[in-house]
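Accompanying notes for the structure given below.
Next up, the structure:
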């Protein structure tokens, strides 16, 4: 028994030593690089725009794995997921099942993404003048990115087409049975809107308007005309693609 215990202890020590050496080797791989090639040092010297996707992701990950430094791990994750969009929009289970990732990294990523979204929203609300479809696309893409459920959003604008507020009014399939004109009119009046832009997403990624989309848009437009509020556009967001009713002559 004693000899078995001694043998087990030696195996454990040997395993710990090998793991330590692997992590030390991973660290040495990075420290052996010139400063200009290390992600953090490169960012400080040249700014974030100078870094590749893998280098930026490596800074987020912080550490690699035994036998794989953090830059190699970052590149592996990008190769596996094909795009940053796929990686960042993975479900918690999908994200945590990948090499080098876990619950802590998932929570950290969601916090970073939410802060980024709030920053862009704050910036747009301060500076945005929505006077063309293109001026709305980036804002809506950020707001609706990664949503798995269909939502109906209203952008309330002042008389200069500046954003007063955005609000999700309805969730679920967008049709005449789920979007109530009375509620839209009430919300627009409450926010002192001179004009509105409607937006909803297609989680399928296909941004083409359906017949139901056209019918509800017409119904809402008629209701808002009664209170002198202009409907400037209805934009459908499908993945990274947006379709404007105004550009198509549907409004």
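Residue numbers (this note's numbering): 545 to 795. Idealized CB from N, CA, C, for every residue including glycine.
CB contact flag (residue i, residue j, <9 Å)
| i | j | result |
| --- | --- | --- |
| residue 714 | residue 703 | no |
| residue 643 | residue 658 | no |
| residue 639 | residue 649 | yes |
| residue 632 | residue 741 | no |
| residue 786 | residue 647 | no |
| residue 696 | residue 743 | yes |
| residue 609 | residue 628 | no |
| residue 683 | residue 645 | no |
| residue 747 | residue 692 | yes |
| residue 680 | residue 779 | yes |
| residue 709 | residue 678 | no |
| residue 583 | residue 603 | yes |
| residue 766 | residue 725 | yes |
Strand pairing of residue i, partner residues [DSSP]
| i | result |
| --- | --- |
| residue 632 | Paired residue(s): none; residue 632 is not in a bridge. |
| residue 700 | 709, 740 |
| residue 684 | According to DSSP, residue 684 bridges with nothing at all. |
| residue 777 | 741 |
| residue 786 | 781 |
| residue 663 | Paired residues: none, contrary to the question. |
| residue 714 | 696 |
Cβ distance (whole Å) where residue i is taken to contact residue j below 8 Å
| i | j | result |
| --- | --- | --- |
| residue 738 | residue 768 | Actually they are not in contact, since the Cβ atoms of residue 738 and residue 768 sit about 11 Å apart, beyond 8 Å. |
| residue 666 | residue 745 | Not a contact, Cβ separation roughly 21 Å. |
| residue 764 | residue 728 | 6 Å |
| residue 789 | residue 777 | 6 Å |
| residue 586 | residue 594 | 6 Å |
| residue 794 | residue 758 | 6 Å |
Original post:
What are the start and end residues of each continuous alpha helix (DSSP H) run of 4 or more residues lying completely inside the region 718-764, in chain order?
Top reply: 725-734
Original post:
Are the region 646-662 and the region 752-760 in contact at 8 Å, needing three or more beta carbon pairs?
Top reply: no
Original post:
At a cut of 8 Å, does the region 587-595 reach the region 612-629 through at least three beta carbon pairs?
Top reply: no
Original post:
What are the complete alpha helix (DSSP H) segments, minimum 4 residues, inside the region 570-629?
Top reply: 583-590, 597-605, 614-625
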